[in-house]
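For reference, the structure discussed in these notes is given below.
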Amino acid sequence: MDALDLARWQFGITTVYHYFFVPITIGLSLLVAIMQTQWMRTRNPQWLRLTKFFGKLFTINFALGLVTGIVQEFQFGMNWSDYSRFVGDIFGAPLAIEALLAFFLESTFLGLWIFGWGRIPEKLHATAIWLVHIGTLLSAYFILAANSFMQNPVGYRLNPETGRAELTDFLAVLTNPVQLVTFPHVIAAAYMTGGGFVLAFAMWHLWRDATPRTDKPMYRKAAKLGAVTVLVASLGVIVSGDLQGKVMTEVQPMKMAAAEALYEDVPEGEGAPFSIVTVGTLDGTEEVWALTVPKLLSYLATGTLDGAVEGIDHIQERYELTYAGSELTAVEDYRPVIPVTYWTFRLMMGLGFAAMAIAAAVLWVLRGRGSETDEQRLAHRAWGWAGLLVLLLPLLANTFGWMFTEMGRQPWLVMGLMTTQTGVSPGTTAAEVLTSMTVFTLLYGVLAVVEVGLLLRYGRAGAEQVPEDASYDPRNRDDDDAFVFTY
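First residue of the sequence shown: 12, per the working numbering; consecutive thereafter.
In structure tokens:
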């Protein structure tokens, strides 16, 4: 493989790894804030215990996500310098605001929240974790604004003298049509992941015999909160995903066609079907058998059951005529890797629906006010596996969704302006990229062991005990307990 292929692999590995932490951080920050607010409202010590329990797991995840995210910045300069030079004037503003405003907001108030137990007023302390969550949302918005420019460039002009894209309308970048549908979709998916995280750990403690019977009602509350979050967030994912598909068809028709491996145009009035699963060649050129839903692709793409959908072959011909004259845009094949786009699109949706089914089943089992029968239902070993799956399914659905988004855009680095092969650093050798990729992969492997080990350690320990007094105040503690919430 040459430097281009290795640079793509390295960016893909580090980005996918980093994004494992992002949706958990966004979703869990909201749920921890809700738990602490519930404790302040009800003075029920169970909510305080859950706040501290999931707060520990949130902090571990935040720290690992921070470390892995820093690597992304270095790759822009090391492996993708031509790309950075081309879009630097555009990316500089949203990414600088993300660092100076959003990241400092969440990191500063997270420190205040961790070390502020018993040292600042109770309401101010709860406000701190809400500001952490707001910081994660702002961070996501500005980063997605930069990514949305890659999907649909707006608010710029090309400078023929410098060969760079220059920012002309920052508001247009922030209100990019792709951004306006991508942000709610990503955030809803993150809430779904955070709900699955809480649900999984709560189910595990409900399922295991070692959990004290007096703690079962507490984990039952957490399980119901996680399940409700998964279901409500999934509705947001479905609605925003439907809108996103229509915008994607407008600005990236090749990506929508590749999602179905649709090679021939489907004219107006006929209605394009959507295949749930297909047996045939990997690239979809020859179909042996397929389970399809009639006219569903037309609805996903256009909002009508009989809408016209362009095929891959037609779009390929059009792109060849449109972009052939420029060094930055001319390639032989404008099609993405069809098997990747086809299956990641279905895995994204299928895993999300599976997580919804588990969450709905948990709510059904835990309906009512709780009884010994509920505990007997949850004692079955199948619920242990369901708890693991409800943690992994939304997380993997997020990952496959981003793989579809980014690989479905290929061969474009910036849609219509720059192909991926023209964005790589010209002076970087394959050996240099391979060396850094190997080092990062090994380092990330070690960090994965650390992350899983810490989550299992604190997850198995469960929620710490607090005095069974509704008026309990964490400020009433000894000086020797100064760093009780430091880890």
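Ideal placement from N, C-alpha and C gives every residue a C-beta, glycine not left out.
Proximity to K232 across E417, E275, L59 and L302 peaks at L59, based on C-alpha coordinates. In the three-state reduction of the DSSP assignment, N170 falls in the strand class.
Cβ-Cβ distances below 8 Å link D317 to E279, G280, E281, G282, K306 and S309 in the same chain, with the five nearest sequence neighbours on each side left out; the list follows chain order.
With respect to the 8 Å criterion, L42 and F73 are not classified as neighbours on the basis of their beta carbons.
In the DSSP assignment, I35 falls within the unbroken alpha helix (DSSP H) covering V33 to T53. Two segments are said to touch when three or more pairs of C-beta atoms, one from each, lie closer than 8 Å; by this definition the segment 202-213 touches the segment 395-411. Taking the Cα positions, R54 is about 16 Å away from A474. If you draw a straight line from the Cα of S159 to the Cα of Q476, it is about 46 Å long.
The Cβ-Cβ distance between M367 and F411 does not fall below 8 Å. Between the beta-carbon of V184 and that of I101 there is about 7 Å, and that keeps the pair under the 8 Å contact cut. Residue environment analysis places P34 among the buried positions, since at least 16 neighbouring C-beta atoms fall within 10 angstroms of its C-beta. Short of 6 Å from the beta carbon of T222, and not among the five residues preceding or following it, lie these beta carbons of its own chain, in chain order: H216. Between the segment 105-123 and the segment 139-155, the count of C-beta pairs closer than 8 Å reaches three or more; the two stretches touch.
Restricting attention to T289, P264, A442 and A397, the CA atom closest to the CA of H325 is found in P264. In this structure, the beta-carbon distance from E321 to D253 does not fall below 8 Å. Runs of the alpha helix (DSSP H) spanning 4 or more residues and lying entirely within the segment 72-131 occur at 92-108 and 115-126, in chain order. Distances from the alpha-carbon of A459 to those of G76, I37, I45 and G207 put G76 closest. Ranked by Cα distance from G291, the options T430, P422, L182 and W354 are led by W354. A check of alpha carbon separations from I145 across Y167, G166, S118 and M161 identifies S118 as the nearest.
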